[in-house]
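**Q** In terms of the numbering used here, the sequence shown opens at residue 30 and continues consecutively.
Note that the Cβ used here is the ideal one computed from N, Cα and C, for glycine as well.
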Amino acid sequence: MLALIMLAATIDIRRDAPPVTLEQARSMSPADLGDALLKAGHSPIVEAVVGPEGMLPPPPPDLPEESEIKLFSAAEPAQQPDFCEKTRAVVTLEPVLRVQGKLPPSRPKSVLLTKLYRMAVQKNGASQCEAKRYEFFSLDEKLAGRTFTILRLLNSLQINGDRKVLVSIDDQEARGMRDYVRKNPSQAKGLLKEYTTPITNGRIAIERFPISSISNVRNYVKAWDDTLSDSDLKDEKGHDLEAISLFAGGTWNAGIVLDGGRIVKVRFKKAIPPPF
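#1: Are the CB atoms of residue 284 and residue 257 nearer to each other than 7 Å?
#2: Here's a check: name, in chain order, each residue in its chain whose Cβ is nearer than 8 Å to the Cβ of residue 39, leaving out the five neighbours to either side.
#3: Near residue 239, what residues of its chain come up, given a Cβ to Cβ distance below 6 Å and the 5 sequence neighbours on each side ignored?
#4: Out of 89, 79, 274 and 90, state which residue places its alpha-carbon closest to the alpha-carbon of residue 119.
#5: Classify residue 291: buried if its beta carbon has 16 or more other beta carbons within 10 angstroms, exposed otherwise.
#6: Below 7 Å between beta carbons: does that hold for residue 168 and residue 176?
#7: Quick check on the DSSP output: the beta strand (DSSP E) that includes residue 247 runs from which residue to which?
#8: For residue 293, which residues of its own chain have a beta-carbon under 8 Å away from its beta-carbon, when the five flanking residues on both sides are left out?
#9: Using 8 Å as the threshold, is the region 144-157 in touch with the region 100-119, meaning 3 or more CB pairs across them?
#10: Taking the alpha-carbon positions, what's the residue 295 to residue 138 distance?
#11: Alpha carbon to alpha carbon, how far is residue 267 from residue 199?
#12: Exposed or buried, residue 30, counting other C-beta atoms within 10 Å across all chains shown (16 or more means buried)?
#13: Indicate whether residue 62 and residue 77 have their beta-carbon atoms separated by less than 7 Å.
#14: Report the three-state DSSP secondary structure of residue 225 (helix, strand or coil).
#15: Are the Cβ atoms of residue 51 and residue 96 separated by less than 7 Å?
#16: If you follow the beta strand (DSSP E) that residue 137 is part of, which residue opens it and which one closes it?
#17: Take residue 104 and list the residues in its own chain whose beta-carbon comes closer than 6 Å to its own, dropping the five residues that flank it on each side.
#18: Count the other C-beta atoms from every protein chain shown that fall within 10 angstroms of the C-beta of residue 333, then say buried if there are 16 or more, exposed otherwise.
#19: So which of 84, 41, 47 and 217 has the shortest CA-CA distance to residue 140?
#20: Taking the DSSP output, what are the residues bridged to residue 271?
#21: Which of the three DSSP states is assigned to residue 230 in this structure?
#22: Within a Cβ cutoff of 8 Å, which residues of the same chain sit near residue 187, ignoring the five residues on either side of it in sequence?
#23: For residue 135, collect the residues of the same chain with a Cβ closer than 8 Å to its Cβ; drop the 5 residues on either side in sequence, then sort them by chain order.
#24: What residue ranges within the region 85-125 form continuous beta strand (DSSP E) runs of no fewer than 3 residues, ordered along the chain?
#25: Do you know whose CA, among 227, 213, 231 and 272, lies nearest residue 251's CA?
#26: Buried or exposed for residue 221, please, with buried defined as at least 16 other CB atoms from any protein chain shown within 10 angstroms of its CB.
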């Protein structure tokens, strides 16, 4: 909370910002768009998303519409060791009515700030922080700082291994791609073999898991997730175990089971998610 209060003191909308259309915003570089919408002194902006992401229902007719522009700051080392952070600033524009089917220019009305994190990539003895927005995650309110502890445990497992940890994978993505290529052999040209060869070994899966591309971390909820079974969530005495869900790299789902201070099970499911 303190970090967000400090952020709000340095990142805010420009009160004298010129009105802008979404088309104009899309034609601007992220840096220029940040300067146009945010007051001076903000962090460097390296990425922007103008308008909605994904499929949304059409807005009600004849009512003013609010638009959003997401701005992402440059990544930098986080206060949490081993992690990087960047800020997502969601700028909401003043609501406007469509004119001949188009939204007229509008000024920024408010901004919502969120800290995003990723595990730093170690290369040639140095930490690399920058990455695309979808390789960062926001903290789940219930997990909060526990997130960093769990990901460090997972990173240690990836680097050092532990034969006592049960690791498995269901590689639906590669199986689906293999079946598609069998039915459409002309599509196989230039396709790397790894995309059609399912991972079946849990140890290989943990080595390949894109830990620096995690986009979502939260407590495991059976109603939403099917990576873990009921038996995975209990110890030998029938006591509940801690479990979390991860999503990474666009296709990797993981169910992580912990007993106290150690990981005891990792279940991976690799599949292309349905469109939303």
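**A** If we stick to the structure as given:
#1: yes
#2: 70, 71 and 72
#3: 277 and 278
#4: 79
#5: exposed
#6: yes
#7: 243-248
#8: 193, 194, 195, 270, 286 and 287
#9: yes
#10: 44 Å
#11: 26 Å
#12: Caution is warranted here: a pLDDT of 49 is assigned to residue 30, below 50, making its placement in the model unreliable, and the coordinate value is therefore given only provisionally. Exposed, since its Cβ has fewer than 16 Cβ neighbours within 10 Å.
#13: yes
#14: helix
#15: yes
#16: 137-148
#17: 113, 115, 158 and 159
#18: A query on residue 333 cannot be resolved here, the shown segment of the chain reaching from 30 to 305 and no further.
#19: 41
#20: 287
#21: coil
#22: 235, 236, 238 and 240
#23: 48, 49, 50, 96, 122, 123, 124 and 125
#24: 97-102 and 112-122
#25: 272
#26: exposed
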